[in-house]
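Comments concern the structure below.
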Amino acid sequence: MTTTSGHRGLVMDEPLLFEQDAPGRCGVDLDAPQGRPLKLGGLERQGAIGLPGLAEPQVVRHFTRLSQKNFAIDAGFYPLGSCTMKHNPRLNEKAVRMAGFAMAHPLQPESSVQGALELIATLAHWLTTLTGMPGVAMSPAAGAHGELAGLMTIRAALTARGDARKKVLVPESAHGTNPATATLCDYAVESIPANERGRIDIEALKEALDGDVAALMLTNPNTCGLFEDEIVEVARLVHEAGAFFYGDGANFNAIVGRVRPGDLGIDAMHINLHKTFSTPHGGGGPGSGPVVLAQSLVPFAPLPYVVADGDGFRMVEHDPSGRSFGRLRAFHGQMGMFVRALAYMMSHGADGLRQVAEDAVLNANYVMARLKGAYHPSFDGPCMHECLFDDRTLKDTGVSTLDLAKALIDEGFHPMTMYFPLVVHGAMLIEPTETESKATLDLFCDTMLALMERAQAGNADWFHESPHLAPWRRLDETAAARHPVLTWTPEAKLL
Ligand SMILES: *Cc1c(COP(=O)(O)O)cnc(C)c1O
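Add 53 to the 1-based position in the sequence shown for the numbering used here, that's all there is to it.
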């Protein structure tokens, strides 16, 4: 059905704000400032800067509608593998909005932010307790930033012992940030293949480990959703070669309260607070990626850090030993994420955190068991917090993993992660998380099974047209990256 307005129900078909421009229209009605000297020293605005003329209600409606077109964990099931899109308890939000936290400024005198410092120290204590590692650097702003902090710490430790190594080993299935971080730190990246069980190939690792390897970066559970069951041996081999063992802790959600990474022999590991300990994320931020460290790395950790001092707490901003690799960023870290993560930990308690891991693993295995047969699990045996399928059962249907994901949008689900990890053909990586009910999982599984039936019955054209019901149909997957339009002009719209 077409409509006169172009709207469909409550989905508005509206132009860009720039296209709504009415020159001279303005959202505020203020007199031009009179008789006040400008202090901008010649940097004051010389003319109009091309913002569209709009009334306030127009702007409010525009952005409210845009926000409604956005899919979020608060809107529906979001099984994006490797992202841990779990429910964010509102208790966290209440805590973080308390004025003492929300209004604190990092340049306030220490005596006036003792509560905030205590919170950082308390969160640090629980992170080291849960991981069995003695130290933690709190300042990294996300997982990838934590990797950077970890590798810079490792490099500082190696430099201190006069052992400038050149290589970092990364398994084939690694998240893209692992090789990116190693490259950013000027290391050559060497890829280690997976074995037929989806775990790191120990023989290949042994061959690659020589005196030039600074570190192995390994995710556990790995990005195939599998526990690296030879990890203790991996750690032994890495240490025997004089290298450090970096653990990518993005999937800590699956083992929190059950396994302490320090006991596995890991020397440094970032924790994505925004994945394991809730806190909203996606759309580019915000995150928080503290790095826990083994004793051998603690002296080289970034500044600043909080220490207990008499009855209070203080920030250590300078390292008298000169061994810290320095500052990673201004100030102490993502305070808002710290408050949320600690609220999450304390409201769950030890038994609750343990149950998080158990339920996350149970939910993923439930989805795997229900989809198995119609979909082909990439590896034998149970999975951890996410289940991985390849596209074998779509063979000869003319329907791809991408088509299937687009059809899921019509059904009101955010698609799973597609085509990652790269070790699996046409990969579909599904992470339900622990906060979804059996009813939600069943509806999702019923939908996935119905879609597969539909694909196998020969409806390729229908799939190629999916999504049929979304406000936008198929977008060009790469145009925004290849031809970004950063300044709007009437001509730019035509591109
Ligand atoms: C999410 C993720 C990262 C990167 O973390 P960000 O917080 O997005 O920077 C790294 N490794 C794995 C396995 C991840 O899932």
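Cβ coordinates follow ideal geometry from the N, Cα and C atoms, glycine included. Note that the structure is predicted; figures quoted are calculated from it, not measured.
(1) Which residue comes first and which comes last in the alpha helix (DSSP H) that contains S400?
(2) Using a Cβ-Cβ cutoff of less than 7 Å, which residues in the same chain neighbour L133 once the five nearest sequence positions on both sides are dropped?
(3) Helix, strand or coil for M471? Go by DSSP, reduced to three states.
(4) Could you give the DSSP three-state label for L482: helix, strand or coil?
(5) Looking only at DSSP bridge pairs, what is R114 linked to?
(6) Which residues are close to ligand 3, meaning CB closer than 5 Å to any heavy atom, in chain order?
(7) Taking the alpha-carbon of L455 as reference, which of H517, Y419, A396 and M437 has the nearest alpha-carbon?
(8) Would P520 pass as a contact of V64 if the rule is Cβ separation under 9 Å?
(9) Taking the alpha-carbon of S226 as reference, which of R526, D529, L475 and L494 has the nearest alpha-carbon?
(10) Count the C-beta pairs between the stretch 439 to 455 and the stretch 334 to 344 that are closer than 8 Å, then say yes if the count reaches three, no if not.
(11) Three or more C-beta pairs closer than 8 Å, one from the stretch 300 to 316 and one from the stretch 173 to 190: is that the case here?
(12) Please state whether DSSP places P352 in a helix, a strand or coil.
(13) On the three-pair Cβ rule with 8 Å, is the stretch 485 to 499 touching the stretch 409 to 418?
(14) Out of L356, E506 and A157, which has the shortest C-alpha to C-alpha gap to E370?
(15) Between E293, P537 and L346, which lies nearest to D301 when the distance is taken from Cα to Cα?
(16) With a threshold of 8 Å on Cβ separation, who are the neighbours of S331 within its own chain once the five nearest residues in sequence on each side are excluded?
(17) Quick check on the DSSP output: the alpha helix (DSSP H) that includes H292 runs from which residue to which?
(18) What number of angstroms, rounded off, separates the C-alpha of A294 from the C-alpha of V223?
(19) Taking D514 as part of the alpha helix (DSSP H), name the residues at either end of that continuous run.
(20) With DSSP as the reference, label F366 as helix, strand or coil.
(21) Per the DSSP calculation, A240 is bridged to which residue(s)?
(22) Closest to H478 by CA distance: which of T493, Y428, C498 and A460 is it?
(23) DSSP state of G196, grouped into three classes?
(24) Assuming D621 is part of the alpha helix (DSSP H), what are its boundary residues?
(25) In whole angstroms, what separates the C-alpha of P352 from that of T212?
(26) Who does F322 pair with in a DSSP beta bridge?
(27) Looking at the structure shown, is M186 part of a helix, part of a strand, or coil, going by DSSP?
(28) Within the same chain, show all residues whose beta-carbon is closer than 7 Å to that of A75, passing over the 5 residues directly before and after it, in chain order.
(29) F378 and L176: beta carbons closer than 9 Å?
(30) Let's test the definition: count the other Cβ atoms within 10 Å of the Cβ of S192 and tell me whether it reaches 16, buried, or not, exposed.
(31) With H, G and I counted as helix, E and B as strand and the rest as coil, what does DSSP make of V476?
(32) Is P333 helix, strand or coil when you go by DSSP?
(33) Under three-state DSSP, which class holds M191?
(34) With distances taken Cα to Cα, identify the nearest neighbour of A195 among T272, L96, T493 and G342.
(35) Under 9 Å between the Cβ atoms of Y299 and I284?
Reading off the structure:
(1) Numbered from 1 along the sequence shown, position 347 holds the residue referred to as residue 400. Where S400 is concerned, the enclosing alpha helix (DSSP H) stretches over M388 to L424.
(2) For the purposes of this step, residue 133 is identified with residue 80 of the sequence shown, where counting begins at 1. Counting only Cβ-Cβ distances below 7 Å, and skipping sequence neighbours, we find H467, M469, T470 and E484.
(3) Along the sequence shown, read from residue 1 onward, the residue named residue 471 stands at position 418. Correct three-state label for M471: strand.
(4) In the sequence shown, residue 482 corresponds to position 429, counting from 1. Residue state, collapsed to three classes: strand.
(5) Your numbering for residue 114 matches position 61 in the sequence shown. According to DSSP, R114 bridges with nothing at all.
(6) This structure simply doesn't include ligand 3; it includes ligand 1 instead.
(7) The sequence position of residue 455 within the sequence shown is 402, counting from 1. That would be H517, whose Cα lies nearest to the Cα of L455.
(8) Within the sequence shown, residue 520 is the residue found at index 467, counting from 1. Within the sequence shown, residue 64 is the residue found at index 11, counting from 1. For P520 and V64, no; Cβs fall outside 9 Å.
(9) Here residue 226 is taken as the residue at index 173 of the sequence shown, counted from 1. Comparing Cα positions, the closest option is L475.
(10) no
(11) yes
(12) Position 299 of the sequence shown, counting from 1, holds the residue named residue 352. Looking at P352 - three-state DSSP - the assignment turns out to be helix.
(13) yes
(14) Locating residue 370 in the sequence shown gives position 317, counting from the first residue. Residue L356 is the option with its Cα nearest to E370.
(15) Walking along the sequence shown from the start, residue 301 turns up at place 248. Proximity to D301 across E293, P537 and L346 peaks at L346, based on C-alpha coordinates.
(16) For the purposes of this step, residue 331 is taken as the residue at position 278 of the sequence shown. Same-chain partners within the cutoff: K139, H140, N141, P142, N145, R393, A394 and Y397.
(17) For the purposes of this step, residue 292 is taken as residue 239 along the sequence shown, with counting starting at 1. Element bounds for H292: I284 to E293.
(18) If you number the sequence shown from 1, residue 294 lands on position 241. If you number the sequence shown from 1, residue 223 lands on position 170. Using only the alpha carbons, I get a separation of about 16 Å.
(19) Taking the first residue of the sequence shown as 1, we reach residue 514 at position 461. Element bounds for D514: A513 to H517.
(20) As a first step, residue 366 must be located in the sequence shown, where it is residue number 313. In the structure shown, F366 sits in a strand (DSSP, three-state: E or B).
(21) Counting from one through the sequence shown, the residue named residue 240 turns up at place 187. Note on residue identity: the sequence assigns Tyr, not Ala, to residue 240. DSSP lists no partner for Y240.
(22) Taking the first residue of the sequence shown as 1, we reach residue 478 at position 425. Nearest option by C-alpha distance: Y428.
(23) Position 143 of the sequence shown, counted from the first residue, corresponds to residue 196. Here G196 sits in helix by DSSP.
(24) Given that the chain is displayed from residue 54 to residue 548, the structure contains no residue 621 and the question cannot be resolved.
(25) Stepping through the sequence shown from its first residue, residue 352 is reached at position 299. Stepping through the sequence shown from its first residue, residue 212 is reached at position 159. Answer to the nearest angstrom: the Cα atoms are 13 Å apart.
(26) As a first step, residue 322 must be located in the sequence shown, where it is residue number 269. A small correction: the amino acid at residue 322 is Met; Phe does not occupy that position in the sequence shown. In the DSSP output, where bridge partners are listed per residue, M322 has G300 and V345.
(27) Position 133 of the sequence shown, counting from 1, holds the residue named residue 186. Here M186 sits in coil by DSSP.
(28) Taking the first residue of the sequence shown as 1, we reach residue 75 at position 22. Within the same chain, A75 has close Cβ partners G106.
(29) The sequence position of residue 378 within the sequence shown is 325, counting from 1. The sequence position of residue 176 within the sequence shown is 123, counting from 1. For F378 and L176, no; Cβs fall outside 9 Å.
(30) Along the sequence shown, one-based indexing puts residue 192 at 139. S192 comes out buried.
(31) Within the sequence shown, the letter at position 423 stands for residue 476. Reduced to three states, the DSSP call for V476 is coil.
(32) Mapped onto the sequence shown, residue 333 falls at position 280. Three-state result, P333: coil.
(33) For the purposes of this step, residue 191 is taken as the residue at position 138 of the sequence shown. The DSSP-derived three-state label of M191 is coil.
(34) Taking the first residue of the sequence shown as 1, we reach residue 195 at position 142. Taking only the C-alpha atoms, the option nearest A195 is G342.
(35) In the sequence shown, counting from the first residue as 1, residue 299 sits at position 246. In the sequence shown, counting from the first residue as 1, residue 284 sits at position 231. No, these two residues do not count as a Cβ contact at 9 Å.
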